[in-house]
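Written out below as structure tokens is the structure these notes cover.
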Amino acid sequence: MNLFTDIRALVIGALETMTKEGDLPAGLNFDNVTVEPPRNPSHGDMATNAAMVLAKPAGQKPRYIAEKLIGILSLNGEIVSVEIAGPGFLNIRIIPYVWQSLVKTVILSGGAYGTSVMGAGKKVNVEYVSANPTGPLHVGHTRGAVFGDALAGLLDYAGYEVTREYYVNDGGSQVDVLARSVYLRYLEAHGQEVAFEDGTYPGDYLIPLGQALKKEVGNAYLDQDEQIWLVKIREYATEAMMGMIRDDLALLGVSMDSFFSEKSLYGTGAIEAAIDNLRAKKLIYEGVLDPPKGKKPEDWEPREQTLFKSSDHGDDVDRPIMKSDGSWTYFAPDIAYHADKVNRGYDLLINIFGADHGGYVKRMKAAVSALSEGKVSLEIKLTQLVKLFKDGEPFKMSKRTGTFVTLRDVVDQVGADVTRFVMLTRKNDAPLDFDFNKVLEQSRENPVYYVQYAHARGRSVQRRAVEAGISVDIATLAAADLSRLSHDAELGVIRRLAEWPRLIEIAARTNEPHRVAFYLYELASELHALWNKGNEEPTLRFLQVDDPDTSQAKIALLQAVCVVISAGLGILGVKPAEEMR
RNA sequence: GGUCUGUUAGCUCAGCUGGAUAGAGUACUUGCCUCCGAAGCAAGGGGUCACAGGUUCGAAUCCUGUACAGACCGCCA
Numbered sequence: 084m085n086l087f088t089d090i091r092a093l094v095i096g097a098l099e100t101m102t103k104e105g106d107l108p109a110g111l112n113f114d115n116v117t118v119e120p121p122r123n124p125s126h127g128d129m130a131t132n133a134a135m136v137l138a139k140p141a142g143q144k145p146r147y148i149a150e151k152l153i154g155i156l157s158l159n160g161e162i163v164s165v166e167i168a169g170p171g172f173l174n175i176r177i178i179p180y181v182w183q184s185l186v187k188t189v190i191l192s193g194g195a196y197g198t199s200v201m202g203a204g205k206k207v208n209v210e211y212v213s214a215n216p217t218g219p220l221h222v223g224h225t226r227g228a229v230f231g232d233a234l235a236g237l238l239d240y241a242g243y244e245v246t247r248e249y250y251v252n253d254g255g256s257q258v259d260v261l262a263r264s265v266y267l268r269y270l271e272a273h274g275q276e277v278a279f280e281d282g283t284y285p286g287d288y289l290i291p292l293g294q295a296l297k298k299e300v301g302n303a304y305l306d307q308d309e310q311i312w313l314v315k316i317r318e319y320a321t322e323a324m325m326g327m328i329r330d331d332l333a334l335l336g337v338s339m340d341s342f343f344s345e346k347s348l349y350g351t352g353a354i355e356a357a358i359d360n361l362r363a364k365k366l367i368y369e370g371v372l373d374p375p376k377g378k379k380p381e382d383w384e385p386r387e388q389t390l391f392k393s394s395d396h397g398d399d400v401d402r403p404i405m406k407s408d409g410s411w412t413y414f415a416p417d418i419a420y421h422a423d424k425v426n427r428g429y430d431l432l433i434n435i436f437g438a439d440h441g442g443y444v445k446r447m448k449a450a451v452s453a454l455s456e457g458k459v460s461l462e463i464k465l466t467q468l469v470k471l472f473k474d475g476e477p478f479k480m481s482k483r484t485g486t487f488v489t490l491r492d493v494v495d496q497v498g499a500d501v502t503r504f505v506m507l508t509r510k511n512d513a514p515l516d517f518d519f520n521k522v523l524e525q526s527r528e529n530p531v532y533y534v535q536y537a538h539a540r541g542r543s544v545q546r547r548a549v550e551a552g553i554s555v556d557i558a559t560l561a562a563a564d565l566s567r568l569s570h571d572a573e574l575g576v577i578r579r580l581a582e583w584p585r586l587i588e589i590a591a592r593t594n595e596p597h598r599v600a601f602y603l604y605e606l607a608s609e610l611h612a613l614w615n616k617g618n619e620e621p622t623l624r625f626l627q628v629d630d631p632d633t634s635q636a637k638i639a640l641l642q643a644v645c646v647v648i649s650a651g652l653g654i655l656g657v658k659p660a661e662e663m664r
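Residues in the first sequence are numbered consecutively from 84, following our numbering.
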């Protein structure tokens, strides 16, 4: 149910009629013909660019096409008027009944209104967070988590079959570092003095692990060589870290469908198989890379390495997959991991990376392109930094001392709903300022409350209506006489509701969930405006105590707004408020 | 040196597949509370869409170049 595509179908139908009657040459491509809401409401309900885009390919003047089109469209009973305007736009006005009926559609469809078939039958894998299991999630991860989760929700709404996946980097050397750091805490638990040198994790969060380890193994690991305890502690620590990370994600309301372990790729032949796959395509060779230009490579030595010919698939240079000591680089398991995704039959892969990983975009795309022979596309979305503030002052973090702001800190202070919404009020690739105090202000500067308030107002009126003995169940509202919704402000809200399905498709196509947040803000704004008009014009109030029929029509509109706000917040992972406290 | 991202109102930012007079919030001025609490609404001023070319009926949007900002650039993931 999308009014704009409905009207577009009418326009296309008219164009086909014109083709049949010889007013347009056969075989024209109508793909560029759009029907959109005009920016200026005085231009009417909808506008189409048909006459302008077809003028050239048809070899006709825009005006000629426009007039023929008007002749056909005017015959339709749902269309009030069609006018030529500006450089050749057709402004279309449709009968109020069409708008009013939309309210009923929305109410009856509920959370299904605006869902799309654009993703029907398509499987998509969204990989996000994928933080190393070496510590708690921090703010940067939080943004990636929120963005990825909202994008997954959006694609789900748009009809895709979505898998939310976390890649656990538990196979590289960073988990060895973790193990050694835990060992130090273990020694500390036994009363020894320890020093955290460079290349260890000094964070306090490992203290309990050291103590727990002491409780479990006693002094078995004291004065023991690393090879005795490393594997055991590594396993123990990664498991504990992943447990902590899952808890952090749960705090934020993020729940993954799948955790994929890097370690599971080792010793199973998975990496070798993926590399052999590329080798069979003649994309693996031994070679020497040029030194990176620009900065002085002080310790640069030319070395022969095993390389992936990623430059054949759009990368700038070829990339090493094996270190000089014969072990894999991190890139090799990444290739194997994505080979696994390709083999699982996804039509589309999406990875969410922090902006500092921007340099890996091309090689990952090259790998997927090569592995799938161009059949599966990999989209990589980068999330920019989060700059923390408190009362307008920058909030300093230091990795070295281990004093960084964690996801838990943020959620504990401001709550999951606020965190999620605020993080989606910027495009993913733009830096985000996050002020701990500002986001908690319950003011108009805070979009979370603004949207929540609109929903709460809607619910409040419904509760009042019930108290006044007016029935507001869905069936009653759907059967209300919607022709009573004739005021411009009311139709304005409906017009905004009509844009919802269109917005979902745009947001899903561009992979930009922030558009949902901005839309909800606009919808809330329409509702607040209508609400306040009720102060001056009592007939515009939703609740007309002595006129149940009118009340029900108006509350039906309110219900429709609540449905869309609720669905939109649902995509973003935010719970709608029944009332404000 | 190269790659990627960004540059829109004083400030923070939206802007759809290229569409009509480029929009919000904030700040400033001024009004408005019996439908939840004004946590809201209305009105006003504020712009060379970084700059220069190009593509076309039409460019903030696409292409090329320049300037500025950030991220990244072989054995860390």
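For glycine and all other residues, C-beta sits at the position ideal for the given N, C-alpha and C.
Cα separation between residue 636 and residue 324? 54 Å
Between the C-alpha atoms of residue 597 and residue 554, what's the straight-line distance to the nearest angstrom? 36 Å
Who are the near neighbours of residue 666 in its chain, counting only those whose CB is closer than 7 Å to its CB and skipping five residues on each side? Only positions 84 to 664 of the chain appear in the structure, and residue 666 is not among them; the question remains open.
Pick from 197, 214 and 443: whose alpha carbon is nearest that of residue 403? 443
Specify, as a first and last residue, the run of the alpha helix (DSSP H) that residue 305 falls within. Taken as a continuous stretch (DSSP letters only), residue 305 belongs to no alpha helix (DSSP H), as it is neither H nor E.
For a test of the three-state rule: what should DSSP assign to residue 471, helix, strand or coil? strand
Determine the direct distance from the alpha carbon of residue 646 to that of residue 388, and round the result to whole angstroms. 58 Å
Please determine, among 384, 540, 164 and 656, the residue with the shortest C-alpha to C-alpha distance to residue 501. 656
Looking only at C-alpha atoms, which of 341, 491, 490 and 620 sits nearest to residue 208? 341
Is residue 585 near residue 87, with beta carbons less than 9 Å apart? yes
Return the first residue and the last residue of the beta strand (DSSP E) that residue 387 is part of. 387-391
Within its chain, find whatever has a CB closer than 8 Å to the CB of residue 284; leave out the 5 residues flanking it on each side and keep chain order. 217, 218, 260, 261, 264 and 485
In this structure, does DSSP put residue 207 in helix, strand or coil? strand
Within a Cβ cutoff of 7 Å, which residues of the same chain sit near residue 466, ignoring the five residues on either side of it in sequence? 226, 227, 230, 435, 437, 438 and 511
Just list the beta strand (DSSP E) runs in the region 505-533, keeping only unbroken ones of 3 residues or longer that don't cross its boundaries, in chain order. 515-518
Exposure label - residue 326; buried when at least 16 CB within 10 Å: exposed
Whole angstroms is fine: what's the gap from residue 603's alpha carbon to residue 534's? 7 Å
With a 10 Å radius around its C-beta and 16 neighbouring C-beta atoms as the bar for buried, classify residue 583 as buried or exposed. buried
As an exercise, report each continuous alpha helix (DSSP H) stretch of at least 4 residues that is fully enclosed by the region 106-184, in chain order. 133-141 and 145-156
Kindly indicate which three-state DSSP category residue 666 falls into: helix, strand or coil? The requested residue 666 does not occur in the structure, where the chain is confined to residues 84 to 664.
Would you give the residue range spanned by the alpha helix (DSSP H) that residue 227 belongs to? 222-240
For residue 96, is the classification buried or exposed, using 16 other Cβ atoms within 10 angstroms of its Cβ as the cut-off for buried? exposed
Touching or not, the region 157-164 and the region 106-120, by the rule of three or more beta carbon pairs under 8 Å? no
Quick check: the Cα distance between residue 618 and residue 624, rounded to an integer number of angstroms? 8 Å
Return the bridge partner residues of residue 405 from the DSSP annotation. 411
Using the C-alpha atoms, what's the distance from residue 330 back to residue 632? 50 Å
According to DSSP, residue 477 sits in a beta bridge with which residue or residues? 472
With a threshold of 8 Å on Cβ separation, who are the neighbours of residue 127 within its own chain once the five nearest residues in sequence on each side are excluded? 121, 164, 166, 174, 175 and 176
Best match in 332, 558, 117 and 131 for proximity to residue 153 [C-alpha to C-alpha]: 131
Mind checking residue 293: buried by the 16 CB within 10 Å criterion, or exposed? buried
Spell out the partners DSSP gives residue 464 in its beta bridges. 435
For residue 592, report the span of its alpha helix (DSSP H) as first-last. 583-593
Between the Cα of residue 497 and those of 183, 222 and 135, spot the shortest distance and give me the residue it belongs to. 222
Pick helix, strand or coil for residue 277, following the three-state DSSP scheme. coil
Just the C-alpha distance for residue 523 and residue 296, rounded to the nearest angstrom, thanks. 40 Å
Spatial distance of residue 289 from residue 575 (CA atoms): 56 Å
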